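Visitor: Chains as they are written, first to last, in my numbering: chain A, 4 to 275; chain B, -13 to 122.
Next up is a structure, given as structure tokens.
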């Protein structure tokens, strides 16, 4: 069985991790996921070890994607609980291209084998060797991005809750802004808009990595999503519930006017 | 794994009895790890996952908030993590760009389990370390 597959062909959670298998399923279901490649834990380990043959195979498979790349860890664990490892397993945004991938994979391998990760694993009773799959995707350069819950996470109401900010979604995920907050009912009608304070945004740098930059005071307090975009997001939320079941936690981005699904997972109490 | 690091492993008391071939086998499971200036390599009180040898750069050892000493290329830290994954007794912070070679106990344990001779020699070294500590 191949250890390097197009994201579309990532089926096996035990091989590629829950994030890769979930995104692969989303692609197979026609959801707008950026193109990518899934790497099994064993090949990530080989690249992290400096294995020239593995480095060559990975570079060859990833090069057609171009760049820049988003390189995300995809936990391979017996309980498949990716969300519970958030914070220990790294995501690297804006890796320039295939040539820079080996050092990114090395960094991700170590993030799953760090003192903090091992301590966490022991605390939750996991005594097996960590294995970390990786999802490599073309990094979208969004005007707007954020998170979305297909059920209201506070009230439990049957409505879509959207939190959005300018630039890369990490500003929302990392709590660096007060995002715009929207509630959309099941019919697609916007029932609440609360403008946030989005004083900064993250964007990719030409030579890799991301930078935090100031947003003008006017833009900081301007709603970053319009009616049509909110309806489109609401439709995406509905589609995700149809496919994966109720109460989904979604990361999304809008780049050049196109909506992308970056991650869809069950809402967990662990959050992150 | 560089020859430099194999040489550095010779200076680790835990590996004192290993011959060249055995050191090379141990060295083969190491992976490079890079740290930025000011990055914490290990944290006092945290669980311990890996043993490190410094390939290049420098790292500050800090115990209970006090800077104790600066380590440089060839020096090592955290070897007891390979045996019991116990608690770190010091914090180590990169002082400038730091390149280490590291091995986790997940990788070290199968190597020892598959090589009884290496295991026996490690046991002997541990006893020597224990006797030496008792005498001091």
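We put the CB at the ideal spot given by N, CA and C, even for glycine.
Small disclaimer: the values here were computed from a predicted structure and weren't measured.
Is residue 354 of chain A near residue 151 of chain A, with beta carbons less than 7 Å apart?
Guide: A question about residue 354 of chain A goes unanswered here, because the residues of chain A that appear run from 4 up to 275.
Visitor: Could you tell me if residue 197 of chain A is buried or exposed, where buried requires 16 or more neighbouring beta carbons within 10 angstroms of its beta carbon?
Guide: Classification for residue 197 of chain A: exposed.
Visitor: Are residue 13 of chain A and residue 24 of chain A touching if we call contact CB-CB under 7 Å?
Guide: Yes, Cβ-Cβ distance for residue 13 of chain A and residue 24 of chain A is below 7 Å.
Visitor: Taking beta-carbon pairs under 9 Å, can you tell me which members of the segment 100 to 119 of chain A lie near chain B?
Guide: Taking 9 Å as the Cβ-Cβ cut-off against chain B, the residues of the segment 100 to 119 of chain A that qualify are 106, 109, 110, 112, 113, 116, 117, 118, 119.
Visitor: Which residues mark the beginning and the end of the alpha helix (DSSP H) in which residue 17 of chain B is found?
Guide: Counting along the chain, residue 17 of chain B falls outside any alpha helix (DSSP H), though it belongs to the beta strand (DSSP E) covering 17 to 21.
Visitor: Please report how far the alpha carbon of residue 256 of chain A lies from the alpha carbon of residue 262 of chain A, in whole angstroms.
Guide: Their backbone Cα atoms lie some 6 Å apart in a straight line.
Visitor: Let me confirm a value: residue 25 of chain B is counted as buried when at least 16 other C-beta atoms fall within 10 Å, else exposed. Which label applies?
Guide: Looking at its Cβ environment, which holds fewer than 16 other Cβ atoms inside 10 Å, residue 25 of chain B is exposed.
Visitor: Quick one: which unbroken alpha helix (DSSP H) runs of 4-plus residues sit fully inside the segment 35 to 73 of chain A? Chain order, please.
Guide: Listed in chain order, the complete alpha helix (DSSP H) runs (minimum 4 residues) inside the segment 35 to 73 of chain A are 44 to 51, 55 to 65.
Visitor: Can you find the residues in the same chain that come closer than 7 Å, C-beta to C-beta, to residue 116 of chain B, ignoring five residues on each side of it along the sequence?
Guide: Here the set comprises nothing.
Visitor: Please report whether the beta-carbon of residue 274 of chain A lies at a distance below 7 Å from any beta-carbon of chain B.
Guide: Caution applies to residue 274 of chain A, whose pLDDT of 39 falls short of 50 and renders its modelled position unreliable; the value that the coordinates give is listed next. Closer than 7 Å: no.
Visitor: Find out if the Cβ-Cβ distance for the pair residue 67 of chain B, residue 37 of chain B is shorter than 7 Å.
Guide: Their beta carbons are under 7 Å apart, which means residue 67 of chain B touches residue 37 of chain B by this criterion.
Visitor: Just reading off the alpha helix (DSSP H) that residue 243 of chain A is part of, what are its end residues?
Guide: It spans 230 to 247 - the alpha helix (DSSP H) in which residue 243 of chain A sits, taken as one unbroken run.
Visitor: For residue 93 of chain A, collect the residues of the same chain with a Cβ closer than 7 Å to its Cβ; drop the 5 residues on either side in sequence, then sort them by chain order.
Guide: The residues are 76, 110, 111, 114.
Visitor: Given a cut-off of 7 Å, decide if residue 218 of chain A and residue 250 of chain A are closer than it, judged by their beta-carbon atoms.
Guide: It is not a contact, given that the beta carbons lie outside the stated cut-off.
Visitor: Does any CB atom of chain B fall closer than 7 Å to the CB of residue 203 of chain A?
Guide: No, no contact with chain B.
Visitor: Are the C-beta atoms of residue 51 of chain A and some chain B residue less than 7 Å apart?
Guide: Chain B contact via Cβ: present.
Visitor: Against chain A, does residue 17 of chain B count as a neighbour if the rule is that its beta carbon must be under 7 Å from one of theirs?
Guide: True, the Cβ-Cβ gap to chain A drops below 7 Å.
Visitor: Give, in chain order, every residue of the segment 128 to 143 of chain A whose Cβ lies closer than 8 Å to some Cβ of chain B.
Guide: Correct list: 132, 133.
Visitor: Helix, strand or coil for residue 127 of chain A? Go by DSSP, reduced to three states.
Guide: The answer is coil: DSSP assigns residue 127 of chain A none of H, G, I, E or B.
Visitor: Does any CB atom of chain A fall closer than 7 Å to the CB of residue 111 of chain B?
Guide: No, because no Cβ of chain A sits closer than 7 Å to the Cβ of residue 111 of chain B.
Visitor: For the segment 154 to 203 of chain A, which segments carrying the beta strand (DSSP E) assignment without a break, of at least 3 residues, lie completely within its bounds, in sequence order?
Guide: Here the runs fully enclosed are 163 to 169, 183 to 187, 193 to 197.
Visitor: In this structure, how does DSSP classify residue 225 of chain A when only helix, strand and coil are distinguished?
Guide: Coil, per DSSP.
Visitor: So, are the CB atoms of residue 61 of chain A and residue 137 of chain A less than 7 Å apart?
Guide: Result no, Cβ atoms of residue 61 of chain A and residue 137 of chain A do not sit closer than 7 Å.
Visitor: Secondary structure at residue 85 of chain A, three-state DSSP: helix, strand or coil?
Guide: Because the pLDDT at residue 85 of chain A is just 47, under 50, the model does not fix this residue reliably, and the point stays unresolved.
Visitor: Name the chain B residues that come within less than 7 Å of residue 122 of chain A, Cβ to Cβ?
Guide: Near residue 122 of chain A (Cβ distances below 7 Å), the residues of chain B are 32, 33.
Visitor: Quick check on DSSP: helix, strand or coil for residue 156 of chain B?
Guide: An answer regarding residue 156 of chain B cannot be provided, because it is not within the stretch -13 to 122 covered by chain B.
Visitor: Does DSSP classify residue 252 of chain A as helix, strand or coil?
Guide: Looking at residue 252 of chain A - three-state DSSP - the assignment turns out to be strand.
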